[in-house]
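Residue numbers (this note's numbering): 6 to 106.
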């Protein structure tokens with residue numbers, strides 16, 4: 006028997022990955038870990054590292070949310086924005102630390 010939530014889960018994961026990646030790209034410049042870690046980088050290096058950090062954020066964001074939050078994000082644009090921002094907040098510092106070392 007198939008899980009009726011599985012496509013909703015996949016949709017939620019995709020929605021959160023995109024929302025948290027976008028949130029990261031918008032907010033990373035104000036993240037203390039990013040500010041400290043990127044001080045000595047050239048502008049080109051910063052742009053490359055910014056993409057790496059935000060790709061990491063997008064990939065890891067679904068892991069910090071519940072199945073219910075992911076399912077809701079798949080069907081509710083407000084939930085997608087809220088949970089995307091929450092997930093980005095929870096993962097940005099870790100990803101920035103990893104990518105800047």
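Every residue gets a Cβ at the ideal spot worked out from N, C-alpha and C, and that includes glycine. Note that the structure is predicted; figures quoted are calculated from it, not measured.
In the displayed model, residue 105 falls within a helix according to three-state DSSP. Within the segment 64-94, the complete alpha helix (DSSP H) segments of 4 residues or longer fall at 72-80, listed in chain order. Taking C-beta atoms under 8 Å as the contact rule, residue 29 and residue 76 fail to qualify, at a distance of about 22 Å. When only Cα atoms are considered, residue 49 and residue 56 end up about 11 Å apart.
Take residue 33, set aside five residues on each side of it, and the residues of its chain with a beta-carbon closer than 8 Å to its own are 39, 55, 58, 59, 97, 101, in chain order. Cβ-Cβ separation between residue 84 and residue 78: approximately 5 Å, consistent with a contact (criterion under 8 Å).
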